[in-house]
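Here the structure comes first, spelled out in structure tokens, and everything after it is commentary.
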Amino acid sequence: MIRAALKSLLARKVRLVMSTFAIVLGVSFVVGTLIFSDTLNRSFVSLFAYTVGDVVVQPEGGDVPGGGDSTATVPAELVDTLAALPGAARADGQIGVQGVYVVDTDGDPLGGFGPPSIGGNWSDAPAGNGLRSLAIVEGREPQGPGEVVLDAETADKSGWSVGDVVPMITGEETANLEPTLVGIADFPDGGSLNGATLAAFETSTAQDLFLDGEDVFNDVWVTAADGVTQAELRDRVAEVLPDGLEAVTGDSEADAQADELLEAISFLTIFLLIFAGISLVVGSFLIVNTFSILVAQRSRELALLRALGASRRQVTRSVQLESFILGVLGSTVGLGLGVLLAIGLRAIFATIGLDLSGQALVYSPRTFIAAYAVGIVVTMAAAYLPARRTARIAPVQAMRDDIALPEESVRKRFRNGLGLAVLGALSLLVGLTDLVDLGNGAWYTGLGVLAILLGVTAMSPVLAQPYLELTRALFARWFGSIGNLAGQNSLRNPRRTAATASALMIGLTLACTMAIVGASAKATVDKQIEDTFVGDFVVSSIFSGAFSSSIATRLEGVDGVEDVVSQRFGFAQYDGGFAGIGATDPDDLDRLDLTLATGSPDDLTLDTVLLGTGFARSNDLTIGDTVELEVNTGTVEWTVAGTFEASSLVSSGLLTSLETFEKAGYPAQDYLLVVYDEPGASDMQTKLDRALADQPIVTAKDQAAYAAEQREPIDQFVLIIFALLGLALLIAVLGIVNTLALSVIERTREVGLLRAIGVSRGQLRWMITLESVVIASLGAILGVLLGIGFGLALMTAVRDEGLDVIRVPFGQVAVFLVLSVVIGMLAAILPARRAARLDVLDAISTE
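Numbering-wise, the sequence shown is residues 17 to 863 according to our numbering.
Put into structure tokens, the structure is as follows:
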């Protein structure tokens with residue numbers, strides 16, 4: 017039986033390659049994602065090891081990921097005290113802030129998205145465990161005001177050389193700098209800043225620029241003497257620290273910083289693995305179909321084996337052996353393709369600032385285990401049902417030319433599919449609503465969607481019957497006997513037709529759902545901006561970050577400007593998650609036209625906060641309650657003073673006063689400015705652009721431009737989703753090609769007879785094309801219907817979160833349907849060409 021299985025497999029090399037391709041694509045996505053995420057992890061762990069000393073002295077606080085800079089500092093006089101401790105070799109004050117942008121030779125700012133743009137003081141202090149941190153590789157250290165050192169990668173990207181005057185932009189009071197580049201730094205032992213930029217100044221200059229001229233530091237590195245461990249030195253340092261400061265080992269601080277960052281970007285891995293799973297599910301349909309057709313074509317062969325004494329179990333195992341070999345082959349090729357995909361992912365992320373080129377790809381054992389486990393398990397599971405079903409066919413029955421699926425089996429599949437779809441709908445209801453609290457709703461939503469898709473797939477032979485009858489009748493009327501033959505061929509095995517269409521259905525279901533989500537989100541943004549936009553212009557950073565508060569003062573002096581209202585923004589941790597905090601002057605709430613559902617502007621005093629109605633409702637908070645937040649300086653408790661309705665210009669769930677915001681340790685940097693023109697003012701766009709000419713990170717936008725800017729990230733996100741779903745659609749198209757090709761092989765004698773009675777090659781190609789169009793259009797119709805249902809359900813469930821406009825993009829839906837016809841025609845090219853080239857006599861004599 018083993019020899020028979022191997023010979024059967026080798027005798028069908030084309031089918032082998034086409035079946036393996038689906039496995040290869042799915043496995044490669046899993047492998048590429050795992051390699052990229054492991055490389056990302058290793059890179060940041062290595063990076064943070066270079067950004068800490070043996071012991072780090074810092075202000076006590078929450079150290080919130082994404083929380084930005086903190087105004088809490090360490091006094092400079094403590095440095096000498098720490099350096100004199102037993103076991104300490106030296107102590108060095110460190111300054112580091114974000115939002116210091118280097119402008120390149122073309123006038124464009126570097127960085128901004130993802131990796132930070134860092135400014136600080138130059139220090140030659142060694143990193144923890146004796147690692148050499150950045151060192152000057154060209155030029156010299158900065159020695160006074162007006163001098164700067166850049167890291168090598170930033171210097172290379174910016175085009176500046178030692179001796180050049182480098183324009184820079186900061187978020188501090190001094191918004192523009194023009195220091196002279198006196199040195200370039202790099203890691204002597206290898207390493208990379210992973211796309212971050214670094215501008216290092218002489219220490220007193222850095223204190224003037226970033227710490228208001230105070231003789232303080234953001235933290236202090238204490239280097240251990242020979243033979244002293246980090247833990248021992250930490251304990252000695254902790255004994256002399258005043259209240260409000262803490263000492264941590266460099267290893268623990270590096271691990272904590274890496275863990276926080278990796279947790280913040282962990283969605284990347286999850287995001288990519290979800291689409292790998294989608295590809296594997298779609299690929300499973302191709303594998304199931306392939307084995308169903310292959311086993312059906314070999315029915316006589318298997319029946320003969322049964323007649324010679326082979327048991328059902330042996331027949332099943334022979335097919336499973338073939339699937340195992342396919343799984344191993346597909347996993348091996350997928351492993352190699354996954355490495356190329358990981359290289360591609362690294363290159364893609366480098367274009368948005370996350371440069372991992374300095375880190376070699378990481379190949380962990382789990383990647384190889386996952387590759388073979390996924391490929392082999394999916395393939396063998398997909399082949400099991402066809403193998404088991406064939407083994408149950410009696411040898412005499414298998415001698416027939418055609419083996420039809422029993423009617424009872426179709427009805428049973430329909431009942432099982434209906435039950436699975438109902439369970440999926442209930443799971444989707446639980447995941448999208450708060451009717452039942454069963455933990456993470458995302459899992460129930462995902463399981464519900466998968467169950468409904470599999471249920472509809474099981475029901476599809478019955479659901480598709482009316483559509484297949486309709487297309488047969490229409491094709492017969494439009495294309496005559498050839499159209500009638502194409503329709504009858506689709507009806508001949510509705511299960512196969514529906515199963516092939518189901519692969520395309522899944523991809524288009526998700527694409528249609530995301531189209532509705534994207535269209536609804538953009539419509540909601542447009543409505544919110546139209547309803548709540550105030551002022552005449554909005555000024556914000558192109559990097560969605562903070563900028564110097566001096567910009568507001570500068571714009572107030574522009575001719576024709578009546579008023580400028582500033583807002584600030586930061587992150588905090590609340591109840592185990594992130595919370596966005598906005599801040600503005602309470603006197604400006606009326607200028608922002610913010611609608612208060614409860615409370616009044618006068619209630620927004622020190623240590624109080626206004627909550628968005630959605631945030632208050634979801635966390636069951638009302639006026640007088642206390643909100644406990646973890647900020648960079650520690651824990652703060654603010655009293656709820658009122659609630660406000662959603663606004664396009666107040667994007668945070670919490671809004672407090674500028675005084676409270678700064679008291680919590682957030683820097684005095686603006687996030688958004690609302691500009692009001694004087695009555696009769698003209699040509700304001702030009703005037704504002706002129707005032708911001710030396711600030712390329714900041715732009716002024718009217719209502720239409722601001723709305724377009726807010727829609728852009730949604731368009732980019734949906735485009736990424738479509739690009740990733742393209743892999744699933746590619747597998748689905750391959751499935752149609754594979755099914756048609758195997759169907760042509762299966763019907764070789766029939767094709768020969770058609771040619772013998774006068775059917776031309778062109779007519780034969782057209783018949784195969786029409787069959788393909790039926791399959792593709794069936795998948796598209798089912799996908800569009802399910803996608804609209806999922807999209808409407810999802811958007812209805814999140815209405816309370818502010819996405820209160822539901823929009824179905826019928827234009828895109830129409831494109832999906834037209835695209836399905838094109839896909840059907842393209843998928844038929846190779847199978848139709850093969851059918852048309854068959855020799856008539858050879859085809860008729862085929863057994």
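Ideal Cβ placement from N, Cα and C applies to all residues, glycine included.
The beta strand (DSSP E) enclosing residue 237, as first and last residue numbers: Position 221 of the sequence shown, counting from 1, holds the residue named residue 237. Here the beta strand (DSSP E) through residue 237 covers 235-240.
Straight-line gap, residue 296 to residue 38 (C-alpha atoms, nearest Å): Indexing the sequence shown from 1 puts residue 296 at position 280. Indexing the sequence shown from 1 puts residue 38 at position 22. If you take the alpha carbons of residue 296 and residue 38, they lie about 8 Å apart.
Residue 121 - DSSP class collapsed to helix/strand/coil: On the sequence shown, residue 121 is found 105 positions in, with the first residue counted as 1. Coil, per DSSP.
Three-state secondary structure (DSSP) of residue 713: Counted from its first residue, the sequence shown places residue 713 at position 697. Correct three-state label for residue 713: coil.
Ordered list of alpha helix (DSSP H) runs contained in the segment 180-236, each at least 4 residues: If only complete runs of 4 or more residues are kept, the segment 180-236 shows the alpha helix (DSSP H) at 219-226, in order along the chain.
Option in 660, 564, 647 and 195 with minimal Cα separation from residue 688: If you number the sequence shown from 1, residue 688 lands on position 672. Of the listed residues, the one whose Cα sits closest to residue 688 is 564.
Best match in 617, 814 and 672 for proximity to residue 585 [C-alpha to C-alpha]: Translated into the one-based positions of the sequence shown, residue 585 becomes position 569. Of 617, 814 and 672, the residue nearest in Cα terms is 672.
Per-residue DSSP class, three states only, for residue 823: In the sequence shown, counting from the first residue as 1, residue 823 sits at position 807. Note: residue 823 maps to coil in three-state DSSP.
Euclidean distance between Cα positions of residue 285 and residue 227: Counted from its first residue, the sequence shown places residue 285 at position 269. Counted from its first residue, the sequence shown places residue 227 at position 211. Roughly 37 Å between the two C-alpha positions.
Terminal residues of the alpha helix (DSSP H) in which residue 346 lies: Walking along the sequence shown from the start, residue 346 turns up at place 330. First-last of the alpha helix (DSSP H) with residue 346: 328-367.
Three-state secondary structure (DSSP) of residue 106: Within the sequence shown, numbered from 1, the residue matching residue 106 stands at position 90. Under the three-state reduction of DSSP, residue 106 is assigned to strand.
Closest residue to residue 171 among 242, 214 and 449 (Cα-Cα distance): Start at 1 with the first residue of the sequence shown, and residue 171 comes out as number 155. Nearest option by C-alpha distance: 214.
Nearest residue (CA-CA) to residue 391, options 350, 509 and 494: The count along the sequence shown starts at 1 and reaches residue 391 at position 375. Answer by Cα proximity: 350.
Best match in 224, 705, 541 and 261 for proximity to residue 726 [C-alpha to C-alpha]: Within the sequence shown, residue 726 is the residue found at index 710, counting from 1. For residue 726, the nearest C-alpha among the options comes from 541.
Residue 596 vs residue 77 beta-carbon contact at 8 Å: For the purposes of this step, residue 596 is taken as the residue at position 580 of the sequence shown. For the purposes of this step, residue 77 is taken as the residue at position 61 of the sequence shown. No. Outside cutoff.
Residue 419 versus residue 842: straight-line alpha-carbon distance, rounded: The sequence position of residue 419 within the sequence shown is 403, counting from 1. The sequence position of residue 842 within the sequence shown is 826, counting from 1. Any answer about residue 419 is weak, because its pLDDT of 49 lies below 50 and its placement is not dependable; what the coordinates show is given next. Between residue 419 and residue 842, the C-alpha separation is close to 30 Å.
8 Å Cβ cutoff met for residue 693 and residue 837: Residue mapping note: residue 693 aligns to position 677 of the sequence shown, counting from 1. Residue mapping note: residue 837 aligns to position 821 of the sequence shown, counting from 1. Their beta carbons are not under 8 Å apart, which means residue 693 does not touch residue 837 by this criterion.
Counted within 10 angstroms of its Cβ, other Cβ atoms place residue 448 as buried (16 or more) or exposed: Walking along the sequence shown from the start, residue 448 turns up at place 432. Its Cβ being crowded by 16 or more others within 10 Å, residue 448 is buried.
Three-state class that DSSP yields for residue 583 in the structure shown: Position 567 of the sequence shown, counted from the start, is the residue given in the question as residue 583. It is a strand residue.
Beta-carbon proximity of residue 484 to residue 506, cut-off 8 Å: Mapped onto the sequence shown, residue 484 falls at position 468. Mapped onto the sequence shown, residue 506 falls at position 490. Cβ distance < 8 Å, so residue 484 and residue 506 count as in contact.
Between the CA atoms of residue 714 and residue 868 - distance to the nearest angstrom: Only positions 17 to 863 of the chain appear in the structure, and residue 868 is not among them; the question remains open.
Simplified DSSP state of residue 133, which is helix, strand or coil: As a position in the sequence shown, residue 133 is number 117, starting the count at 1. Strand, per DSSP.
Residue 191 vs residue 567 beta-carbon contact at 8 Å: As a working note, residue 191 is residue 175 in the sequence shown. As a working note, residue 567 is residue 551 in the sequence shown. In contact: residue 191 and residue 567 (Cβ atoms closer than 8 Å).
Residue 459, buried or exposed, once every other Cβ within 10 Å from all chains shown has been counted against 16: As a first step, residue 459 is located in the sequence shown; it is residue number 443 there, counting from the start. It counts as exposed.
Under 8 Å between C-beta atoms of residue 471 and residue 434: In the sequence shown, residue 471 corresponds to position 455, counting from 1. In the sequence shown, residue 434 corresponds to position 418, counting from 1. Contact: yes.
Distance, residue 465 Cα to residue 445 Cα: By one-based count along the sequence shown, residue 445 stands at place 429. By one-based count along the sequence shown, residue 465 stands at place 449. C-alpha separation (whole angstroms): 10 Å.
Start-to-end residues for the beta strand (DSSP E) that takes in residue 596: Numbered from 1 along the sequence shown, position 580 holds the residue referred to as residue 596. Segment 593-600, the beta strand (DSSP E) holding residue 596.
Beta-ladder partner(s) of residue 651, from DSSP: Position 635 of the sequence shown, counted from the start, is the residue given in the question as residue 651. Residue 651 pairs with 646.
Burial state of residue 737, where buried means 16 or more other Cβ atoms lie within 10 Å: Locating residue 737 in the sequence shown gives position 721, counting from the first residue. With 16 or more Cβ atoms within 10 Å of its Cβ, residue 737 is classed as buried.
Residue 735 burial status per 10 Å Cβ neighbour count (16 or more: buried): Translated into the one-based positions of the sequence shown, residue 735 becomes position 719. Residue 735 sits exposed, since fewer than 16 C-beta atoms from the chains shown fall within 10 Å of its C-beta.
Continuous beta strand (DSSP E) stretch holding residue 152: start and end: Here residue 152 corresponds to residue number 136 of the sequence shown, with the count starting at 1. Where residue 152 is concerned, the enclosing beta strand (DSSP E) stretches over 151-155.
8 Å Cβ shell around residue 151 - same chain, five flanking residues per side excluded: As a position in the sequence shown, residue 151 is number 135, starting the count at 1. Only 140, 201, 202, 203 and 204 meet the Cβ criterion.
Nearest neighbour of residue 401, chosen from 656, 832, 300 and 290 [CA to CA]: On the sequence shown, position 385 is the one that residue 401 refers to. For the residues 656, 832, 300 and 290, the minimum Cα distance to residue 401 belongs to 300.
Residues that residue 670 bridges to, as DSSP identifies them: Reading the sequence shown from its first residue, position 654 is the one you call residue 670. Looking at the DSSP assignment, residue 670 forms a beta bridge with 597 and 627.
Whether residue 622 touches residue 658 by CB criterion (8 Å): As a working note, residue 622 is residue 606 in the sequence shown. As a working note, residue 658 is residue 642 in the sequence shown. Cβ atoms of residue 622 and residue 658: not closer than 8 Å.
Buried or exposed by the 16-neighbour rule on C-beta atoms within 10 Å, applied to residue 186: Residue numbering aside, residue 186 sits at position 170 when the sequence shown is read from its first letter. Buried: at least 16 other Cβ atoms inside 10 Å.
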